[in-house]
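Heads up: the sequence lines are chains D and X, in that order.
Taking the numbering used here as reference, the numbering of the first sequence is continuous, increasing by one, and the terminal residue is 125.
Taking the numbering used here as reference, the numbering of the second sequence is continuous, increasing by one, and the terminal residue is 342.
By construction, the Cβ of each residue, glycine as well, lies at the ideal position given by its N, Cα and C atoms.
Only a predicted model underlies this, so the values are computations on that prediction, with no experimental measurement involved.
One structure below.
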Amino acid sequence: MLHCFEIEALTYRAGHHTTSDESTRYRPIEEMEWWKTSQDPVARFRKWLQREGWWHSEAEREHRVSARQEVLHAIQVAVKLEKPALSEVFIDVYDVQPSNLREEEMLLRETVRRHPKEYPGFPSE
Amino acid sequence: MAVALRRFGRLGGSCIGSCFRGISSDCVKPINLYTAINQALHIALETDPRAYIFGEDVGFGGVFRCTTGLADHFGKHRGIVGFAVGLAAMGNRAICEIQFADYIFPAFDQIVNEAAKFRYRSGNQFNCGGLTVRAPYGAVGHGGHYHSQSPEAFFCHVPGIKVVIPRSPQQAKGLLLSCIRDANPTVFFEPKWLYRLAVEDVPEKDYMVPLSEAEVIREGNDITLVGWGAQLSIMEQACNEAEKDGISCELIDLKTLIPWDKETVEVSVNKTGRLLISHEAPVTGGFGAEISASIVERCFLRLEAPVCRVCGLDTPFPLVFESLYLPTKNKVLDAIKSTIGY
Chain D
1 MLHCFEIEAL TYRAGHHTTS DESTRYRPIE EMEWWKTSQD PVARFRKWLQ
51 REGWWHSEAE REHRVSARQE VLHAIQVAVK LEKPALSEVF IDVYDVQPSN
101 LREEEMLLRE TVRRHPKEYP GFPSE
Chain X
1 MAVALRRFGR LGGSCIGSCF RGISSDCVKP INLYTAINQA LHIALETDPR
51 AYIFGEDVGF GGVFRCTTGL ADHFGKHRGI VGFAVGLAAM GNRAICEIQF
101 ADYIFPAFDQ IVNEAAKFRY RSGNQFNCGG LTVRAPYGAV GHGGHYHSQS
151 PEAFFCHVPG IKVVIPRSPQ QAKGLLLSCI RDANPTVFFE PKWLYRLAVE
201 DVPEKDYMVP LSEAEVIREG NDITLVGWGA QLSIMEQACN EAEKDGISCE
251 LIDLKTLIPW DKETVEVSVN KTGRLLISHE APVTGGFGAE ISASIVERCF
301 LRLEAPVCRV CGLDTPFPLV FESLYLPTKN KVLDAIKSTI GY
């Protein structure tokens with residue numbers, strides 16, 4: 001027998017929209033603080049785990065440190081990766097590449113061959 | 001970046017004489033593109049009690065700060081294109097902002113089927129000429145699929161509206177005021193790349209730059225280049241390099257894409273015999289195709305080489321591949337040389 005569940009989730013953007021946004025210009029800071037402090041589901045879940053005895057502050061501290069290290073490491077790995085091959089520009093526009101894109105790829109390869117310094121980081125193939 | 005700023009100083013300086021019709025020594029201040037647009041909007045609201053500005057986030061200044069201070073000064077307002085059409089139809093000046101041109105498409109129906117046809121379908125009994133839709137467009141270095149698009153070609157295919165694109169702060173202020181005051185609905189695309197980057201002397205007073213008049217911003221004899229918006233700066237760099245090889249380039253800023261100034265381009269191509277058009281938007285079906293077709297019709301026997309288009313690729317605007325996608329200075333320069341050498 002199939003049981004169906006519906007989850008309706010209300011969300012609230014507690015932070016700014018972007019780094020160039022200052023959202024206190026269009027909403028009260030008290031509103032943002034209230035959501036951040038008393039409504040944050042992650043914080044509430046942590047407190048519940050702590051009350052159950054399955055989590056504690058030391059574990060929290062250790063986890064934050066190791067998670068941060070993992071992310072920083074992943075960034076270092078990613079930064080050293082080569083950019084994707086030039087051919088990737090022209091695939092997945094359609095399922096099958098049409099002739100105009102084949103032509104444009106040839107023209108682009110010629111441009112990159114002639115001006116390699118203008119396109120650093122892209123594999124020369 | 002310093003080079004880009006100087007370049008814009010030069011571009012601005014070359015057209016001040018032609019634009020100001022004899023008033024040469026007014027108060028000017030060096031300002032950037034979003035400040036010039038902000039000034040134009042301020043003037044529009046000041047000089048017309050029936051002018052309204054609206055769009056997402058314009059109340060607090062907008063994500064590019066083009067509408068900073070206006071709500072404090074003039075009071076608040078909300079709503080976008082359909083609302084703007086109605087407001088304009090009642091004789092008001094509705095100046096609405098779409099936060100990024102990439103997001104203008106939900107409003108396309110209102111622009112094409114309502115705004116553009118209002119006068120025609122009513123036999124001139126009604127019109128929504130007071131409508132101006134502003135939107136930031138174009139590459140910004142990291143915008144990816146949805147913060148980099150140049151959708152001007154879609155709008156150039158719509159009789160009944162005007163499409164205008166400024167190249168610099170001084171041009172933007174004058175062209176925007178012309179769009180706002182024009183008796184036809186207009187779409188005004190602002191090159192977001194230049195919002196902060198481009199700085200030039202802009203007169204503080206109320207002035208207008210005429211629509212449907214292209215401008216020769218650099219004279220030359222060997223080849224005509226036509227472009228608009230931020231791409232002109234790239235083309236200017238290519239022209240400077242070509243000059244070192246003895247190629248004399250004439251560069252034209254189209255400014256208004258529809259209705260466009262064919263005569264200025266025709267006169268230039270009749271002089272040079274060669275035409276190169278460059279735009280960020282994808283080459284297929286881009287507005288360069290219309291310019292090419294029209295000029296070939298008018299100048300066929302004069303042309304020394306096929307009309308050349310140096311444009312974006314026929315793919316969605318990419319993120320990591322942006323530098324490969326765009327019509328860079330080198331692509332333009334290579335095309336100038338191969339056109340000359342045809």
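Is Thr-284 of chain X close to chain D, meaning its C-beta is less than 8 Å from at least one C-beta of that chain? yes
Beta-carbon separation (whole angstroms), Ile-98 of chain X vs Val-133 of chain X, contact threshold 8 Å: 6 Å
Taking Cβ-Cβ distances shorter than 8 Å, what residues in chain X pair up with Thr-19 of chain D? The premise fails here: Thr-19 of chain D is roughly 11 Å from chain X at the closest Cβ pair, so nothing lies under 8 Å.
Helix, strand or coil at Ala-139 of chain X according to DSSP, with G and I counted as helix: coil
Buried versus exposed, by CB contacts within 10 Å (16 or more), Trp-54 of chain D: exposed
Near-chain X residues of the stretch 81–95 of chain D - C-beta to any C-beta below 8 Å: Lys-83, Pro-84, Leu-86, Glu-88, Val-89, Phe-90 and Val-93
Any beta carbon of chain D sitting closer than 8 Å to that of Ala-4 of chain X? In this predicted model, Ala-4 of chain X has a pLDDT of only 32, less than 50, meaning its place in the structure is not dependable; the value taken from the coordinates is given anyway. So, not an interface residue.
Given that a residue counts as buried once 16 or more other Cβ atoms are within 10 Å of its Cβ, and exposed if not, what is Glu-6 of chain D? exposed
Assuming Leu-131 of chain X contacts Ala-84 of chain X (C-beta within less than 8 Å), just tell me the rounded distance between them. 5 Å
Taking 8 Å as the cut-off, does the stretch 145–164 of chain X touch the stretch 199–207 of chain X (at least 3 CB pairs, one atom from each stretch)? no
Quick check on Arg-114 of chain D - is its C-beta less than 8 Å from some C-beta in chain X? yes
Going straight from the alpha carbon of Ala-94 of chain X to that of Leu-87 of chain X, what length do you get? 6 Å
Counterpart residues of Arg-93 of chain X in DSSP-defined beta bridges: X:Ala-51
List the whole-angstrom C-beta distance separating Val-320 of chain X from Pro-41 of chain D, where the pair is believed to meet the contact cut-off of C-beta under 8 Å. No, Val-320 of chain X and Pro-41 of chain D are not in contact; Cβ-Cβ is about 34 Å, not under 8 Å.
Ignoring anything shorter than 3 residues, give me the beta strand (DSSP E) runs that lie fully in the stretch 18–68 of chain D, in order along the chain. none
Give the straight-line distance between the Cα atoms of Leu-107 of chain D and Ala-67 of chain D, rounded to the nearest whole angstrom. 45 Å
Coil, strand or helix - Arg-134 of chain X by DSSP: strand
I need the straight-line Cα distance from Ala-43 of chain D to Arg-51 of chain D, nearest angstrom please. 12 Å
8 Å Cβ cutoff met for Phe-122 of chain D and Leu-324 of chain X: yes
Within 9 Å of chain D by C-beta, residues of the stretch 306–319 of chain X in sequence order: Leu-313, Asp-314, Thr-315, Pro-316 and Pro-318
For chain D, check one thing: does any of its Cβ atoms lie closer than 8 Å to the Cβ of Gly-69 of chain X? no
When you compare the CB positions of Val-269 of chain X and Leu-276 of chain X, do they come within less than 8 Å of one another, or not? no
Within 8 Å (strictly less), CB to CB, does Tyr-146 of chain X reach chain D? no
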